[in-house]
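Protein chains in written order, with the working numbering: chain U, 1 to 321; chain S, 1001 to 1321; chain R, 2001 to 2321. Beta carbons are placed, not taken as given, at the ideal position from N, Cα and C, and that holds for glycine. Note that the structure is a prediction, hence the values are computed from the model and not measured. Accompanying notes for the structure given below.
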Amino acid sequence: MNDNIQINSEGKLKHFLSIDGLPRSLLTEILDVAESFVGVNDLQIKKVPLLRGKTIVNLFFENSTRTRTTFELAAKRLSADVLSMSIATSSTSKGESLLDTIRNLEAMFVDMFVVRHAISGAAHFIAQQTAPHISVINAGDGQHAHPTQAMLDMFTIRQIKKDFAPLKVAIIGDILHSRVARSQIQALNTLGVAEVRVIAPKTLLPAHVESMGVNVFYDLNAGLKDIDVVIMLRLQKERMTSALLPSESEYFKCFGLTEDKLKIAKPDAIVMHPGPINRGVEIESKVADGPQSVILKQVSNGIAVRMAVMAMAMQKQGAVQ
Amino acid sequence: MNDNIQINSEGKLKHFLSIDGLPRSLLTEILDVAESFVGVNDLQIKKVPLLRGKTIVNLFFENSTRTRTTFELAAKRLSADVLSMSIATSSTSKGESLLDTIRNLEAMFVDMFVVRHAISGAAHFIAQQTAPHISVINAGDGQHAHPTQAMLDMFTIRQIKKDFAPLKVAIIGDILHSRVARSQIQALNTLGVAEVRVIAPKTLLPAHVESMGVNVFYDLNAGLKDIDVVIMLRLQKERMTSALLPSESEYFKCFGLTEDKLKIAKPDAIVMHPGPINRGVEIESKVADGPQSVILKQVSNGIAVRMAVMAMAMQKQGAVQ
Amino acid sequence: MNDNIQINSEGKLKHFLSIDGLPRSLLTEILDVAESFVGVNDLQIKKVPLLRGKTIVNLFFENSTRTRTTFELAAKRLSADVLSMSIATSSTSKGESLLDTIRNLEAMFVDMFVVRHAISGAAHFIAQQTAPHISVINAGDGQHAHPTQAMLDMFTIRQIKKDFAPLKVAIIGDILHSRVARSQIQALNTLGVAEVRVIAPKTLLPAHVESMGVNVFYDLNAGLKDIDVVIMLRLQKERMTSALLPSESEYFKCFGLTEDKLKIAKPDAIVMHPGPINRGVEIESKVADGPQSVILKQVSNGIAVRMAVMAMAMQKQGAVQ
Chain U
1 MNDNIQINSE GKLKHFLSID GLPRSLLTEI LDVAESFVGV NDLQIKKVPL LRGKTIVNLF
61 FENSTRTRTT FELAAKRLSA DVLSMSIATS STSKGESLLD TIRNLEAMFV DMFVVRHAIS
121 GAAHFIAQQT APHISVINAG DGQHAHPTQA MLDMFTIRQI KKDFAPLKVA IIGDILHSRV
181 ARSQIQALNT LGVAEVRVIA PKTLLPAHVE SMGVNVFYDL NAGLKDIDVV IMLRLQKERM
241 TSALLPSESE YFKCFGLTED KLKIAKPDAI VMHPGPINRG VEIESKVADG PQSVILKQVS
301 NGIAVRMAVM AMAMQKQGAV Q
Chain S
1001 MNDNIQINSE GKLKHFLSID GLPRSLLTEI LDVAESFVGV NDLQIKKVPL LRGKTIVNLF
1061 FENSTRTRTT FELAAKRLSA DVLSMSIATS STSKGESLLD TIRNLEAMFV DMFVVRHAIS
1121 GAAHFIAQQT APHISVINAG DGQHAHPTQA MLDMFTIRQI KKDFAPLKVA IIGDILHSRV
1181 ARSQIQALNT LGVAEVRVIA PKTLLPAHVE SMGVNVFYDL NAGLKDIDVV IMLRLQKERM
1241 TSALLPSESE YFKCFGLTED KLKIAKPDAI VMHPGPINRG VEIESKVADG PQSVILKQVS
1301 NGIAVRMAVM AMAMQKQGAV Q
Chain R
2001 MNDNIQINSE GKLKHFLSID GLPRSLLTEI LDVAESFVGV NDLQIKKVPL LRGKTIVNLF
2061 FENSTRTRTT FELAAKRLSA DVLSMSIATS STSKGESLLD TIRNLEAMFV DMFVVRHAIS
2121 GAAHFIAQQT APHISVINAG DGQHAHPTQA MLDMFTIRQI KKDFAPLKVA IIGDILHSRV
2181 ARSQIQALNT LGVAEVRVIA PKTLLPAHVE SMGVNVFYDL NAGLKDIDVV IMLRLQKERM
2241 TSALLPSESE YFKCFGLTED KLKIAKPDAI VMHPGPINRG VEIESKVADG PQSVILKQVS
2301 NGIAVRMAVM AMAMQKQGAV Q
């Protein structure tokens, strides 16, 4: 997939579809703009008029109250109008094609699509097909990418660790099916961390995973050594039945993050998780709620990062001063 | 049904329930006001403060994401607050009567109901029963009327053809079950086109259809001759099973609009469709996406026309300056 | 349950969870503030900027279009942003715990939770657990409390009867399962009415109901004598099957309010009902729509009272000037 459509001729963000293909300078710009929005959430009146009169459509083909909510809040704090459409695949197939849906919404003069879809590449497809004045933000497509999640993770890491260069980061869990992991690995490597490790059972690792620029560990104890940032992935419980995994308790014994395991990492290591967490499956409550956990900081930063991406994508056409 | 309740004592629009009973001057006024709103959709800030502080309730007893979305966008661009209520008939019957629902919403000081209902006459009933300060807009009632759809079609025709007087218009498809067709025929005749034709198999035509002021054709080739405006109707696939129709492919062969068939009409004929389209059933993709198609223009104009109707109905009580 | 968490150290309302534990002065303040908001609903622009930039989350674990709508309208008329989340218990148990949901929303910098839940004490639990800057409003929890309903009833009574002191009030129907009744009894006693009566069959009365400060009547005729305010409760039809009640018609014969029965009360008695009403089950249409009924006034007052409670709870932290 060609990600150059993400950037316009002046090098500005037009769509935000995946981390892949974006230069370090642009990722850093997103983090900087997000930082300027963190303060908005502390204001008495948590609103800036940046996108007033703009219409942002939440186009969710896959249900996700949580992600939809953060995008809706981000849009409202930018003073945009938000239209939330939950489109079950069934009704799309019944009614009209995806492309006809897009064409119709374009004709209603909307300004941005926030797309979540179970099929990898859906957001790219829409960005390729849509009218030039419309920006597309990928809110998760199949097993491909979840770039705003990755950027809020990067924001949280920078907030605490300041500098990416010396960091060793471990991503633990179902790398194979995780769009979050894919985007995180790309972002971490683009931002130049010292090392990215993935720690997982063989059945949950993609083939040739090393080519993504990671070191592979099958053993949690070995993988956590010297680590600055521990990123846990959510275990999709559906996988359990698919013979890729033994039991939940077996998984927790091998790859679940406990207080004891965490001691293997550096003493000031931080623990991250994209949520929602499965307590006692991939992470112990003591760790999730413990002093090294920054899980709720991630949620908070998610609003500012989404505001940043939305505002920047809108600016591409000089739509925003 | 008495449509005079649509107009107040000064001849101003109070409710918008059906085209039936509205004079040409009022239809023309709607088109003119809509024209003034077309520009709003091009502004950087796509909002006018006309209905600020007003509460518009989308009262949808029949599901329709598409129509609800256009009304919601129109309301928001007029700066109104929108309350969207999807009321399954079952829950109404369980909880309280339609009239009690209306009485309760009135008591909450709302200003307008946009009503969609599977039963013909539902919007009229609500308009008759509701408090005097509330306006009712019909967003489709049973097989009776869909007046805002008809007016956005008229707007699109005038936009391209300028003058209604010389036009020959053909409406093709399931006239029998179509509230859209009923409203279109009334609007076209009120605005004084030269001829309205309906083209359909006998099983999809109402009895005494000629009394509606149309010429009837059972043959697409004959009916398309000399036509300026081709209006396709959506084929409700549910009808297929009801023995009113042979197969989809059989229907397409006889009444589907293809490039070849379209050549029978005037060379500058335009093609319209209320959407969503069934590609390959009532219309060929080449035609739907072709140079004579104005289908997406209709969608765009739908926002402006709905803004116009809402603003005019609100003005009746001097509520808007 | 300790209700002191409702009041902050300066005696101001912080949460609104139940009437229990609130002093008369605070209930009177709510009524007075609500009175100042009644006028807003009559303005051309029905909005005050009091909560602009605040985010209010409707957290409805139990479905209720009606109550959700009134809270949403109240919030919008205070210019707040509203996020409506319908959370089926099933999806909560699947995804994450209630507490994790709350923690996540907190992290998104929301300002208020309006909570409806089938379990008694749910709103208290959330108020105890949530961050200090967040206010919780109980919109109905199990069979425990529905304090905003009780306060809009008090507002309506004061509006018409002016003074609480001389009033004799009868609450009729399913006291046992009614959170509304529980809150009404507490409010009426706190505001110092002369007498509160409950009238119901034995099977629909809680044990030791007298300890709530009411006189018990099993006979409607006897109970209605000298009454100033008649409060009907909604009969939950589900109860019918549970052997607590004979047939609907049998119930109506004994406890349904008819014109004849109403004559037993004082000639200027008012009739109230929280809605939605079951016509012909607990109340005759002639009474519900008759001159002594104030049922729709209750609905109207509900907006002002909810605006008052929201504005006051927000003021606790000096968030509102």
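Can you give me the Cβ contacts of residue i inside the same chain, cut-off strictly under 6 Å, excluding the 5 residues immediately before and after it?
i, result
"Y2251 (chain R)", "L2245"
"L2013 (chain R)", "M2312 and A2313"
"P1206 (chain S)", "L1176"
"H146 (chain U)", "G140, R179, V180 and S183"
"S1300 (chain S)", "none"
"R2103 (chain R)", "none"
Please return the same chain residues whose Cβ sits closer than 8 Å to the Cβ of residue i, not counting the five positions on each side in sequence.
i, result
"T1092 (chain S)", "For T1092 (chain S), the predicted structure reports a pLDDT of 48, less than 50, and the residue's modelled location is therefore unreliable. The matter cannot be settled from this model."
"D1228 (chain S)", "K1161, P1166, L1167, K1168, V1169, A1265, K1266, D1268, A1269 and I1270"
"G2192 (chain R)", "R2024, F2164 and A2165"
"P2276 (chain R)", "R2066 and R2234"
"Y2218 (chain R)", "I2199, A2200, P2201 and K2202"
"E1259 (chain S)", "E1284, K1286, V1287 and G1290"
"Q298 (chain U)", "L152, D153, T156, M272, H273, P274 and G275"
Taking all protein chains shown into account, decide if residue i is buried (16 or more other Cβ within 10 angstroms of its Cβ) or exposed.
i, result
"L257 (chain U)", "buried"
"D1032 (chain S)", "exposed"
"S36 (chain U)", "exposed"
"P389 (chain U)", "As shown, chain U starts at 1 and ends at 321. That puts residue 389 (chain U) outside it, with no answer to give."
"G11 (chain U)", "exposed"
"L1043 (chain S)", "exposed"
"H208 (chain U)", "exposed"
"A74 (chain U)", "buried"
What does residue i touch in chain S if you count any residue whose Cβ is under 9 Å from its own?
i, result
"M154 (chain U)", "The contacting residues do not exist; M154 (chain U) stays about 31 Å from chain S at best."
"Q2041 (chain R)", "Residue 2041 (chain R) is actually Asn in this sequence, not Gln. Neighbours of N2041 (chain R) on chain S, chain order: M1108 and F1109."
Note down, in chain order, each residue of its chain lying with its Cβ closer than 7 Å to the Cβ of residue i, except the 5 sequence neighbours on either side.
i, result
"Q1292 (chain S)", "L1262, A1269, I1270 and V1271"
"K1046 (chain S)", "V1040 and R1077"
"M1108 (chain S)", "none"
"A2194 (chain R)", "A2165, P2166, L2167 and K2168"
"V1214 (chain S)", "I1185, V1196, R1197 and V1198"
Could you tell me which residues DSSP puts in a beta bridge with residue i?
i, result
"F71 (chain U)", "DSSP output for F71 (chain U) lists no bridge partner at all."
"N215 (chain U)", "U:R197"
"A1311 (chain S)", "According to DSSP, which records beta bridges pairwise, A1311 (chain S) is partnered with nothing at all."
"A1145 (chain S)", "S:D1141"
"R279 (chain U)", "U:I283"
"D2163 (chain R)", "Looking at the DSSP assignment, D2163 (chain R) forms no beta bridge with any residue, so it has no partner."
"F2330 (chain R)", "Past the edges of chain R, shown from 2001 to 2321, lies residue 2330 (chain R), and the structure says nothing about it."
"K1168 (chain S)", "S:E1195"
"V1136 (chain S)", "S:F1113"
"V1271 (chain S)", "S:V1230 and S:S1293"
"D1081 (chain S)", "S:T1055"
"I7 (chain U)", "U:L13"
"L257 (chain U)", "U:I283"
Which residues in chain R have a C-beta closer than 7 Å to the C-beta of residue i? List them in chain order.
i, result
"T1069 (chain S)", "Correct list: empty, because the minimum Cβ distance to chain R is about 17 Å."
Could you name the residues of chain S that residue i contacts, counting a contact when the two beta carbons are closer than 8 Å?
i, result
"R77 (chain U)", "Simply none; closest approach about 17 Å."
"I2303 (chain R)", "M1108 and F1109"
Output, in chain order, the set of chain U residues within a Cβ distance shorter than 9 Å of residue i.
i, result
"I1175 (chain S)", "Those within 9 Å of I1175 (chain S) in chain U number zero; the least Cβ separation is about 22 Å."
"R2116 (chain R)", "What R2116 (chain R) touches in chain U: nothing, since even the nearest Cβ is about 16 Å away."
Under 8 Å Cβ-Cβ, which residues of chain R neighbour residue i?
i, result
"A1055 (chain S)", "The question names Ala, but residue 1055 (chain S) in the sequence shown is Thr. What T1055 (chain S) touches in chain R: K2046, L2073 and K2076."
"M1085 (chain S)", "T2065 and T2069"
Name the chain U residues whose beta carbon is nearer than 8 Å to that of residue i?
i, result
"L1296 (chain S)", "R103, N104, E106 and A107"
Along chain U, in chain order, which residues have C-beta atoms closer than 7 Å to that of residue i?
i, result
"D2081 (chain R)", "K76"
"V1299 (chain S)", "N104, A107 and M108"
Is the beta carbon of residue i within less than 7 Å of some heavy atom of the ligand ATP?
i, result
"I30 (chain U)", "Annotation note on the ligand ATP: not contained in the displayed structure, which lists no ligands."
Is there contact between the segment 226-234 of chain U and the segment 172-188 of chain U, where contact requires at least three CB pairs shorter than 8 Å? yes
How do the segment 58-72 of chain U and the segment 107-116 of chain U stand: do at least 3 beta-carbon pairs fall below 8 Å, yes or no? yes
At least 3 beta-carbon pairs within less than 8 Å: the segment 275-289 of chain U vs the segment 214-226 of chain U: no
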